[in-house]
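Heads up, the working numbering is the position in the sequence shown plus 176, with the first residue counted as 1.
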Amino acid sequence: MSVISNSKFADKSVYILLAAIILSCGLVCLIPNILYKVNSNNVSFIGDRNTVTIENKLPLTDISGKSLDAKTGIIDEVSFSVKGVGKKNTEVNYEIYLINTNTDMQINPGFIKIYLTDGNNNPFEYYSKNSVPAYKSLNVSNSQANGKIIYSGSIKGEEIQKFKLRVWLADNYVLNDSDRSFSGTILVKKV
């Protein structure tokens with residue numbers, strides 16, 4: 177009789193052990209989601225405007241586009257900041273992305289040069305190469321399928337990071353008489 181009762185005890189132990197293993201696996205899978213929700217830090221866009229527009233203007237070499245400013249009227253330039261919102265010591269990942277908002281008579285995005293620098297006019301790694309990327313060649317945003325990533329990084333709560341975005345026409349763009357343009361909206365989102 178004692179062998180039978182020990183066998184029942186062993187069966188219960190196996191079931192308890194299996195339940196504990198399944199529960200542990202479930203918790204391990206949920207931990208990243210729980211931690212993401214616990215990190216309530218966020219990001220916000222700070223600036224006078226979050227749009228860029230370039231019309232059928234003079235095409236520029238990358239060297240000229242990097243050195244000119246918006247006062248020339250040939251390029252468009254936007255200075256803005258990203259602010260971390262939340263706990264000071266908590267870091268949050270984010271991306272800055274640009275959405276092409278022009279639908280009619282648009283300039284081919286392959287001719288739109290995108291150049292991003294920090295607040296001190298130093299280019300970020302992706303933009304420090306000899307060739308400045310075109311809008312069309314940027315990676316697709318994780319936040320919005322029709323957006324292109326111009327920067328991704330991390331920021332702590334109450335921290336402010338400054339940026340300057342310049343946009344111009346590539347030097348291989350052929351000017352024409354049509355009223356074409358490119359317009360984009362700059363957005364920032366926690367990822």
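Cβ coordinates follow ideal geometry from the N, Cα and C atoms, glycine included.
Review point. Should Phe256 be flagged as near chain C, meaning a C-beta pair shorter than 8 Å?
Key: Protein chains in the displayed structure number just one, and chain C is not present.
Check your understanding: Taking the alpha-carbon positions, what's the Lys259 to Asn269 distance?
Key -> One-based indexing of the sequence shown puts residue 259 at position 83. One-based indexing of the sequence shown puts residue 269 at position 93. The straight-line gap from Cα to Cα measures roughly 12 Å.
Practice item. Go through its chain and collect everything with a Cβ distance to Ser313's Cβ below 8 Å, but skip five positions before and after it. Key: Your numbering for residue 313 matches position 137 in the sequence shown. Within the same chain, Ser313 has close Cβ partners Gly286.
Exercise for review: Within its chain, find whatever has a CB closer than 6 Å to the CB of Lys340; leave out the 5 residues flanking it on each side and keep chain order.
Suggested key: Here residue 340 refers to the residue found at position 164 when the sequence shown is read from its first residue. Closer than 6 Å at the Cβ level, and outside the excluded window around Lys340, lie Ser255, Thr293.
Review point. Thinking just about the alpha-carbon of each residue, which of Leu345, Lys289, Tyr311, Tyr291 is nearest to the one in Asn322?
Key: Here residue 322 refers to the residue found at position 146 when the sequence shown is read from its first residue. Asn322 has its Cα closest to that of Tyr311, out of Leu345, Lys289, Tyr311, Tyr291.
Review point. Taking the DSSP output, what are the residues bridged to Phe339?
Key: The residue labelled residue 339 in the question sits at position 163 within the sequence shown. Bridge partners of Phe339: Phe256, Asp294.
Check your understanding: Which of the three DSSP states, helix, strand or coil, is assigned to Glu334?
Key -> The sequence position of residue 334 within the sequence shown is 158, counting from 1. Three-state DSSP puts Glu334 in coil, outside helix and strand.
Check your understanding: Got a sec: does the ligand HEM put a non-hydrogen atom nearer than 7 Å to the Cβ of Lys340?
Key -> Ligands displayed in this structure: none; no statement on the ligand HEM is therefore possible.
Point to revise | Proximity of Ser357 and Ile230 at Cβ, strictly below 8 Å | key: Stepping through the sequence shown from its first residue, residue 357 is reached at position 181. Stepping through the sequence shown from its first residue, residue 230 is reached at position 54. Going by C-beta atoms, Ser357 is nearer than 8 Å to Ile230.
Exercise for review: Give the single residue among Ile362, Ser189, Asp355 whose Cα lies nearest to the Cα of Met281.
Suggested key: The count along the sequence shown starts at 1 and reaches residue 281 at position 105. Out of Ile362, Ser189, Asp355, Asp355 has the C-alpha closest to the C-alpha of Met281.
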